[in-house]
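Everything on this sheet refers to the single structure shown next.
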Amino acid sequence: MLSTGIEFLLVRTRRNRCWTFAKGGIQPGLTHAQSAAIEAYEEAGVHGRIEETAFTRYTLRKQKKTGRPENSVQAHLCEVLRLGEPEELNRNPTWFSSLKAKQRLAEGRTTENATELAQVIDRALARIRRFPARTLAGNDPLMKVKFEAAEFYAQNPTAKAKLPPPSHSSAPPRRGKLLELRVIQPDRT
């Protein structure tokens, strides 16, 4: 959230270059929130805090010509503390106001899918506005799962082995970047 209002970080899809939320599959051995944190890092370069419980679910109906099943997505709120370079190339992470985000998410989509994504924005706004004031009493819902570039794959080598191969792109590869994730439990004292 900025002083100018709440903004949403969107990325481009690889296939048709539509704007979307960073998202992906659940990785073996990880929670939905942990997998969402990894996707936010890989696709948008996000370093931040993510809410452990999804605030909504949404389904995007695939156009019949693709023959792929519908995707049901659990959406998690994430507070972006810092943006780095995304691991995936050509994702173009960009901030949008809620109104602009709805417009960008509607581009190239069916009315049904555009409406579904607009409702995700509305639900996120409602959830953010209900956040309690942050205090040291531990009532911050975003403290439940923190993530940061650290030592996740070093501690979980089988998780990295199960990841799909990196996407191929005409852009030169980035060197010296390893995705590492560490889940930090909040202090309970």
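Residue numbering for the sequence shown follows the working numbering, beginning at 39 and increasing consecutively.
Backbone N, C-alpha and C fix where the C-beta goes; we use that ideal spot for every residue, glycine too.
Helix, strand or coil at residue i [DSSP, three-state]
{"i": "N151", "result": "helix"}
{"i": "R161", "result": "helix"}
{"i": "I64", "result": "coil"}
{"i": "R120", "result": "strand"}
{"i": "R87", "result": "strand"}
Counted within 10 angstroms of its Cβ, other Cβ atoms place residue i as buried (16 or more) or exposed
{"i": "S110", "result": "exposed"}
{"i": "E81", "result": "buried"}
{"i": "T153", "result": "exposed"}
{"i": "I88", "result": "buried"}
{"i": "G83", "result": "buried"}
{"i": "N54", "result": "exposed"}
{"i": "Q157", "result": "exposed"}
{"i": "P131", "result": "buried"}
{"i": "L143", "result": "buried"}
{"i": "W57", "result": "buried"}
{"i": "G43", "result": "exposed"}
Limits of the alpha helix (DSSP H) - the one that residue i falls within
{"i": "G71", "result": "In the sequence as displayed, the identity of residue 71 is Ala instead of Gly. Per DSSP, A71 belongs to the alpha helix (DSSP H) from 70-82."}
{"i": "Q141", "result": "136-144"}
Span of the beta strand (DSSP E) around residue i
{"i": "L47", "result": "45-50"}
{"i": "Q112", "result": "109-113"}
{"i": "R95", "result": "94-98"}
*asked:* For the pair the stretch 107-126 and the stretch 134-144, tell me if three or more CB-CB distances fall below 8 Å.
replied: Short answer: they don't touch.
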